[in-house]
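Before any comments, here is the structure.
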Amino acid sequence: MQPFAQRLLDWFDRNGRHDLPWQHPRTPYRVWVSEIMLQQTRVETVIPYFERFTASFPDVQSLAAAPVDDVLALWAGLGYYARARNLHRCARTIVEDHNGHFPRERVALEALPGIGRSTAAAIVAQAHDAPEAILDGNAKRVLARHAAVDGWPGSTASQKTLWREAEARTPASRCADYTQAIMDLGALVCTRSRPDCAACPVAVDCGARLQERTAELPHPRPKRERPTRTRWAALLHAPEGIYLEQRPPSGIWGGLYTLPEAEDPEHLEAWVHTHWPRAEALAGDALNHGFSHYQLDLRVQRYRLPAGECGIMDAPGVIWYKPGQSRPAGIPAPIQGLLQSEKDSGHGTNR
DNA sequence: CACTCGTGGGC
DNA sequence: TGCCCAAGAGT
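Once you know that position 9 of the first sequence is 0 in my numbering, the rest is easy, because the numbers rise by one and skip nothing.
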């Protein structure tokens, strides 16, 4: 029987994905950008973002020279915004400390912000054909099945085993193709539900299949009790516009512009008076135009906007939208509803 | 090690 | 419909 890697490579030549945008041309910069975007994010979601991003920032120099707000603007909607902030920081480090060139060593890449072991390995493997093992979500699923690794793949013990399996199977040559191949196999054949074992080039010696456990491997994450969190957003609306604020650089939606978030809706009026005195004055005008003092909307995510598309900024992080012409597409008209709650669902439950 | 960080799709 | 998860990394 052919080695695992050889069977995977033969399958990849016929059935793999060879036309992803970051494969043509496959430069370290484009591989890096794609790998960061692809962290915990599906390929189909990433593609349009990658196209727009690399059109605006075709190289690490243009990215490093840009304001971080412009980077976040291109990232808006993709999620996990720390990736964008780290990407920008990393670009500046590359330009300032590495003469504009990416390190060719995996360990050196791991020292850069936003680049962990798997991403560093993927970059050097894809860009330089270096024999480094990756362990992304696809590889974890493929290896957990083929080596019949019990336990949740995110646990320390399972990861140790999976890294060992990943390293043992990584070939000395054609490593760029191999890393792409194992990801393609996981994405196209060895899928989470209903894997297509009949089409799998390594099914003959797959532990999970031989044990008839493909449906139960990899094991799911252990459940845990999660607190319910409620977010309250204050929509401070006036005839002049909608009041947004720039969020702190860390935490959820860091650096983006959203509606002000209230801790306690019962005392929202006092809260507005304390934190947004100017908005209150304008909201008073709104009363005379038939609006309530302020209106509340929990659909915070729909108001998340990049700075570049915003209206007048008259103070750092404070933006006024004028009704009509200046209200950007994507900002719905004010709604009349008052308070609703939103409970945490799902996010933060993965790693 | 536990937790956080987004959004969208599958079932 | 609620739940799980996806080309992980930082704190």
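Beta carbons: idealized from backbone N, C-alpha and C, even for Gly. Please read these numbers as outputs of a predicted model, since none were measured by experiment.
Proximity of P192 and T161 at Cβ, strictly below 9 angstroms: Counted from its first residue, the first sequence places residue 192 at position 201. Counted from its first residue, the first sequence places residue 161 at position 170. Cβ atoms of P192 and T161: not closer than 9 angstroms.
Tell me, to the nearest whole angstrom, how far the beta carbon of A82 is from that of L63; I am working on the premise that it is less than 8 angstroms. One-based indexing of the first sequence puts residue 82 at position 91. One-based indexing of the first sequence puts residue 63 at position 72. Their Cβ separation, rounded to whole angstroms, is 13 angstroms, which puts A82 and L63 out of contact at 8 angstroms.
Range covered by the alpha helix (DSSP H) that runs through S149: For this step, residue 149 is matched to residue 158 along the first sequence. Its alpha helix (DSSP H) spans residues 147 to 160.
Report the rounded CA-to-CA distance for N77 versus W244, giving the unit in angstroms. Numbered from 1 along the first sequence, position 86 holds the residue referred to as residue 77. Numbered from 1 along the first sequence, position 253 holds the residue referred to as residue 244. When rounded, the distance between both Cα atoms is 14 angstroms.
Please name the residue, chosen from A135, P39, L11, that lies closest to Q202 on a Cα-to-Cα basis. Taking the first residue of the first sequence as position 1, residue 202 is located at position 211. It is A135 whose Cα lies nearest to the Cα of Q202.
Meets three-Cβ-pair contact criterion under 8 angstroms: the segment 144 to 153 and the segment 92 to 110: no
On a Cα-Cα basis, can you pick out the residue from R108, Q52, T110, D120 that is closest to H89? Numbered from 1 along the first sequence, position 98 holds the residue referred to as residue 89. Nearest option by C-alpha distance: Q52.
Under 9 angstroms between C-beta atoms of A139 and R183: By 1-based counting over the first sequence, the position of residue 139 is 148. By 1-based counting over the first sequence, the position of residue 183 is 192. No, the Cβ-Cβ distance between A139 and R183 is not below 9 angstroms.
Could you tell me the alpha carbon to alpha carbon distance between L29 and L69, rounded to whole angstroms? Counting from 1 along the first sequence, the entry for residue 29 is found at position 38. Counting from 1 along the first sequence, the entry for residue 69 is found at position 78. Between L29 and L69, the C-alpha separation is close to 10 angstroms.
Does DSSP classify Y72 as helix, strand or coil? Along the first sequence, one-based indexing puts residue 72 at 81. In the structure shown, Y72 falls within a coil segment according to DSSP collapsed to helix, strand and coil.
Assign H137 to one of two classes, buried (16 or more other C-beta atoms within 10 Å of its C-beta) or exposed (fewer than that). On the first sequence, position 146 is the one that residue 137 refers to. Buried is the call here.
P94 to A118 span [Cα, whole Å]: As a first step, residue 94 must be located in the first sequence, where it is residue number 103. As a first step, residue 118 must be located in the first sequence, where it is residue number 127. When rounded, the distance between both Cα atoms is 11 angstroms.
Tell me which residue opens and which closes the alpha helix (DSSP H) that I27 is part of. Mapped onto the first sequence, residue 27 falls at position 36. Run containing I27: 19 to 28, per the alpha helix (DSSP H) assignment.
Output needed for E35: all residues of its chain with C-beta closer than 8 angstroms, excluding positions within five of it in sequence on either side, in chain order. Here residue 35 refers to the residue found at position 44 of the first sequence. Nothing meets the Cβ criterion.
Should the segment 14 to 21 be called in touch with the segment -6 to 6, which here means at least 3 C-beta pairs below 8 angstroms? no
Since A73 and W66 should fall inside the 8 angstroms C-beta cutoff, what is the C-beta to C-beta distance between them, to a whole number of angstroms? Taking the first residue of the first sequence as position 1, residue 73 is located at position 82. Taking the first residue of the first sequence as position 1, residue 66 is located at position 75. Incorrect: roughly 10 angstroms between the Cβ atoms, too far for contact.
Nearest-angstrom Cα separation, counted from D175 out to Y40: As a first step, residue 40 is located in the first sequence; it is residue number 49 there, counting from the start. As a first step, residue 175 is located in the first sequence; it is residue number 184 there, counting from the start. Approximately 20 angstroms between the Cα atoms of the pair.
Classify S353 as buried or exposed, calling it buried when 16 or more other Cβ atoms lie within 10 Å of its own Cβ. Residue 353 lies beyond the residue range present for the chain, which begins at -8 and ends at 342; the question has no answer from this structure.
Write down every uninterrupted run of the alpha helix (DSSP H) in the segment 157 to 198 whose length is 4 residues or greater and which is fully enclosed by it, in chain order. 166 to 179
Is it buried or exposed for H79, if we count other Cβ within 10 angstroms and need 16 for buried? For this step, residue 79 is matched to residue 88 along the first sequence. Counting other Cβ atoms within 10 Å of its Cβ, H79 reaches 16 or more and is therefore classed as buried.
In angstroms, rounded to a whole number, what distance separates the CA positions of I27 and P58? Taking the first sequence and counting its residues from 1, the one referred to as residue 27 is at position 36. Taking the first sequence and counting its residues from 1, the one referred to as residue 58 is at position 67. If you take the alpha carbons of I27 and P58, they lie about 19 angstroms apart.
In this structure, how does DSSP classify Q31 when only helix, strand and coil are distinguished? For the purposes of this step, residue 31 is identified with residue 40 of the first sequence, where counting begins at 1. Three-state DSSP puts Q31 in coil, outside helix and strand.
Express the C-alpha separation of V37 and R238 in angstroms, rounding to a whole number. Residue mapping note: residue 238 aligns to position 247 of the first sequence, counting from 1. Residue mapping note: residue 37 aligns to position 46 of the first sequence, counting from 1. Cα to Cα, R238 sits roughly 24 angstroms from V37.
Candidates C166, A116, R21, A261, of which the one nearest A46 by Cα: Taking the first residue of the first sequence as 1, we reach residue 46 at position 55. For the residues C166, A116, R21, A261, the minimum Cα distance to A46 belongs to R21.
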